[in-house]
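Scroll down for the structure; my scribbles are underneath it.
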Amino acid sequence: RAGTEHAYSNILTSLPKPEGGEYGKFYSLPALNDPRIDKLPYSIRILLESAIRNCDGFQVTKNDVEKIIDWENTSPKLAEIPFKPARVLLQDFTGVPAVVDLAAMRDALAKLGSDANKINPLVPVDLVIDHSVQVDVARSSNALQSNMELEFTRNRERFGFLKWGSTAFQNMLVVPPGSGIVHQVNLEYLGRVVFNTDGIMYPDSVVGTDSHTTMIDGLGVAGWGVGGIEAEATMLGQPMSMVLPGVVGFKLTGKLRNGVTATDLVLTVTQMLRKHGVVGKFVEFHGEGMGKLSLADRATIANMSPEYGATMGFFPVDHVTLDYLRLTGRSDETVSMIEAYLRANNMFVDYNEPQLERVYSSYLALDLDEVEPCISGPKRPHDRVTLKDMKSDWHACLDNKVGFKGFAVPKEQQDKVVKFDFNGQPAELKHGSVVIAAITSCTNTSNPSVMLGAALVAKKACELGLEVKPWVKTSLAPGSGVVTKYLLKSGLQEYFNKQGFHLVGYGCTTCIGNSGELHESVSAAITENGMSRMHRIGYF
74 RAGTEHAYSN ILTSLPKPEG GEYGKFYSLP ALNDPRIDKL PYSIRILLES AIRNCDGFQV
134 TKNDVEKIID WENTSPKLAE IPFKPARVLL QDFTGVPAVV DLAAMRDALA KLGSDANKIN
194 PLVPVDLVID HSVQVDVARS SNALQSNMEL EFTRNRERFG FLKWGSTAFQ NMLVVPPGSG
254 IVHQVNLEYL GRVVFNTDGI MYPDSVVGTD SHTTMIDGLG VAGWGVGGIE AEATMLGQPM
314 SMVLPGVVGF KLTGKLRNGV TATDLVLTVT QMLRKHGVVG KFVEFHGEGM GKLSLADRAT
374 IANMSPEYGA TMGFFPVDHV TLDYLRLTGR SDETVSMIEA YLRANNMFVD YNEPQLERVY
434 SSYLALDLDE VEPCISGPKR PHDRVTLKDM KSDWHACLDN KVGFKGFAVP KEQQDKVVKF
494 DFNGQPAELK HGSVVIAAIT SCTNTSNPSV MLGAALVAKK ACELGLEVKP WVKTSLAPGS
554 GVVTKYLLKS GLQEYFNKQG FHLVGYGCTT CIGNSGELHE SVSAAITENG MSRMHRIGYF
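FYI, in our numbering the residues of the sequence shown are 74 to 613.
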């Protein structure tokens, strides 16, 4: 409150620069001299710092701070705490209502005779337009241009409104269509890791109106998805009320074998965590295996938090994080500031130094050497199937009664072949045929190892004279333009093109049903012959 001294002003500490001067000031957790803090998971330390910095005796009290410090005892009791995230992340599908509400508040204030311009977000708000693109045009060199033109035509009014919002409201950034998938843009560009606002330094944290906001946890930024009301309350400076979560410590050892990808790892982790039970909890990854995981691999695992049920899957900041920040264009001065702050506040992990034992609510461990190539399905991401068992599992699913692992297809129909005419040439489908092949998703399409791996498979297919069937709707929708740059520079994009995987757009496409319509002959073959079993990503 104005005119009163901050409850923790005694631990407000200056952070000096090596060359002289200071980066700024911060609320020092070590200055509390409380041994309980040394045992706290890193993810809980972020909640603690936020509570201390925002402690005003009203929205956040000293009692709230004590609850977090005593996390080991208070968490099992489902104690509630206030949390004030540093920023808010929106996408156009769920973000437009929030901007509409801000505009409505301005209208209401104007009717009361006050200055409407007083209504502004009190924390930074980033809105990335990525949910409007549809794959109307595919298998064409002009697919990107055509799909973007259609996107702008369909969404002219919405985009105009968001353009107005970007200039009308302070603290609001709108990232235009065609820039990339919101979560990858968050990683590459929007994520601060550490804020330095008005001379006060503090950890980056974010809530978003998309469930996969958790991808940013791979960068050491605490973030998760929330509903629109919670996001708007945060924008207006109100704290979120949340149950102080339990934290599952997930220890990683060893390294992935050759031929095993981050996708194989995340499907394995997802299956383990679903079995363990992590709903409403944080998962914090640690162990010597962390140094063998790239930032992209970590982001892949963090992205899947909604699928394994956790509030977030958190990777504390270490040297891998700092290297990624430099790689993505953050300045050396910014990276130095981030490292200095996190080290000074005991939030940085240096695996070259002895590690203090941290306390977790429960424990899991995985030797990365034991991860096998796998897929998931046929319907749920945590139904993991090793590649060597894929064929037998599929036939079992055809037999099984209708459910997550069954279709109940009668034996006499399992080998049924449907023949039809596709643009003047003979075509056929059977149970298990692929009709949409999309290289997309915020989980995979920004991970260089899996994207280059897919491109090399396309190259090998071309060399062997293999071709994707022409009636399969193929598309490539990367997470950002960075992917296109390294595919072009490596000479691999041409092999994607030869297999029909032309660039169709930068955005969230097939995963949310924006795959566009199938060719009418394919749709008819499916629907007229009783082969339509799942309606997840296509229009029939």
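For each residue, glycine too, the CB sits at the ideal point set by N, CA and C.
Every value quoted in this text rests on a predicted model; they were computed, and no experiment measured them.
Inset, instruction - Flag this pair as yes or no: are the beta carbons of arginine 457 and threonine 341 separated by less than 9 Å? - result: A contact, by the Cβ cut-off of 9 Å.
Legend entry - Delimiting residues of the alpha helix (DSSP H) encompassing threonine 341: DSSP places threonine 341 in the uninterrupted alpha helix (DSSP H) bounded by 335-349.
Legend entry - Inter-residue spacing [alpha-carbon to alpha-carbon] between glutamate 614 and histidine 575: With the chain covering only 74 through 613, there is no way to say anything about residue 614.
Legend entry - Cβ-Cβ separation, alanine 375 to glycine 386 (assumed contact under 8 Å), whole Å: Correct: roughly 5 Å between the Cβ atoms.
Legend entry - Alpha-carbon spacing of serine 614 relative to lysine 562, whole angstroms: There is no way to answer for residue 614, as the model of the chain reaches only from 74 to 613.
Inset, instruction - Could you pull the start and end residues of the alpha helix (DSSP H) that glycine 236 belongs to? - result: It should be pointed out that residue 236 corresponds to lysine in this sequence rather than to glycine. Unbroken alpha helix (DSSP H) run through lysine 236: 229-241.
Legend entry - Closest Cα partner of valine 267 within the set Val356, Leu151 and Leu398: Leu398
Legend entry - Own chain partners of asparagine 393 with C-beta closer than 8 Å, once the 5 adjacent residues on each side are dropped: For clarity, residue 393 is valine in the given sequence; the question names asparagine instead. Cβ neighbours of valine 393 beyond the five flanking positions: Met363, Gly364, Leu366, Ser367, Leu368 and Arg371.
Inset, instruction - Take the Cβ of glutamate 567 as the centre, count every other Cβ of all protein chains shown within 10 Å, and call the residue buried at 16 or more, exposed below. - result: exposed
Inset, instruction - Consult DSSP for asparagine 244 and reduce its assignment to one of helix, strand or coil. - result: coil
Inset, instruction - Could you tell me which of Pro91, His468 and Gln487 sits nearest to lysine 478, measuring between CA atoms? - result: His468
Legend entry - Cβ-based burial, glycine 281 [other Cβ within 10 Å; buried from 16]: That one is buried.
Inset, instruction - Please report the residue range of the beta strand (DSSP E) in which isoleucine 585 lies. - result: Counting along the chain, isoleucine 585 falls outside any beta strand (DSSP E), and DSSP gives it neither H nor E.
Inset, instruction - In angstroms with no decimal places, state the Cα-to-Cα distance between threonine 77 and leucine 549. - result: 57 Å
Inset, instruction - Please report the Cβ distance between glutamate 357 and tyrosine 115, rounded to the nearest whole angstrom; I am assuming they are in contact, meaning their Cβ atoms lie under 8 Å. - result: 6 Å
Inset, instruction - Just confirm the distance between the C-beta atoms of glycine 238 and valine 172, as a whole number of angstroms; I'd bet it's less than 8 Å. - result: 5 Å
Inset, instruction - Within the same chain, show all residues whose beta-carbon is closer than 7 Å to that of leucine 471, passing over the 5 residues directly before and after it, in chain order. - result: Phe480, Val482, Gln487 and His504
Inset, instruction - Can you give me the start and stop residues for the alpha helix (DSSP H) that cysteine 515 sits inside? - result: No alpha helix (DSSP H) contains cysteine 515, which DSSP labels as neither H nor E.
Legend entry - Alpha-carbon spacing of threonine 81 relative to arginine 231, whole angstroms: Per the sequence shown, residue 81 should be read as tyrosine rather than threonine. Straight-line Cα distance between these residues: approximately 45 Å.
Inset, instruction - Leaving aside the five residues before and after cysteine 128 along the sequence, list all residues of the same chain whose C-beta is less than 8 Å from its C-beta, in chain order. - result: His79, Ala80, Tyr81, Thr134, Lys135, Asp137 and Val138
Inset, instruction - Tell me the start and end of each unbroken alpha helix (DSSP H) in the region 375-411 that is at least 4 residues and wholly inside, in chain order. - result: 378-381 and 392-400
Inset, instruction - Starting from proline 521, follow the alpha helix (DSSP H) in both directions and report where the run begins and ends. - result: 521-536
Inset, instruction - Could you check how far apart the C-beta atoms of isoleucine 619 and proline 250 are, in whole angstroms? I think they sit under 8 Å. - result: In this structure the chain extends from 74 to 613, so residue 619 is not present and cannot be described.
Inset, instruction - Taking glutamate 555 as the reference, give the member of Glu536, Lys112, Ile254 and Lys571 with the closest Cα. - result: Going by the sequence as given, residue 555 is valine instead of glutamate. Comparing Cα positions, the closest option is Ile254.
Legend entry - Nearest to arginine 118 (by Cα), restricted to the options Ser522, Val577 and Ile142: Ile142
Inset, instruction - Check whether the region 190-199 touches the region 300-319, counting contact only when three or more Cβ pairs, one atom from each stretch, lie closer than 8 Å. - result: yes
Legend entry - Three or more C-beta pairs below 8 Å linking the region 158-167 and the region 276-293: yes
Legend entry - Neighbour-count burial assignment, proline 389, 16 or more Cβ in a 10 Å radius: buried
Inset, instruction - Go to tyrosine 436, then tell me how far its beta strand (DSSP E) extends in each direction, as first and last residue. - result: 435-440
Inset, instruction - Would you list the residues sitting across from histidine 359 in a DSSP beta bridge? - result: Lys324
Legend entry - methionine 345 versus proline 318 - alpha carbon distance: Approximately 19 Å, taken between the alpha carbons.
Inset, instruction - Taking lysine 354 and valine 321 to be in contact with their CB atoms under 8 Å, please state how far apart those CB atoms are, rounded to whole angstroms. - result: 6 Å
Inset, instruction - Would you grab the beta carbon distance between leucine 102 and asparagine 418 for me? Rounded to a whole angstrom, and I think it's under 8 Å. - result: 5 Å
Inset, instruction - Express the C-alpha separation of methionine 288 and leucine 415 in angstroms, rounding to a whole number. - result: C-alpha of leucine 415 to C-alpha of methionine 288: approximately 20 Å in a straight line.
Inset, instruction - Pick out whichever of Asp494, Leu182, Ile125 and Tyr96 has its Cα sitting closest to the Cα of asparagine 83. - result: Ile125
Inset, instruction - Grab me the residues of threonine 401's own chain with a C-beta within less than 7 Å of its C-beta, minus the 5 sequence neighbours each way, in chain order. - result: Glu261
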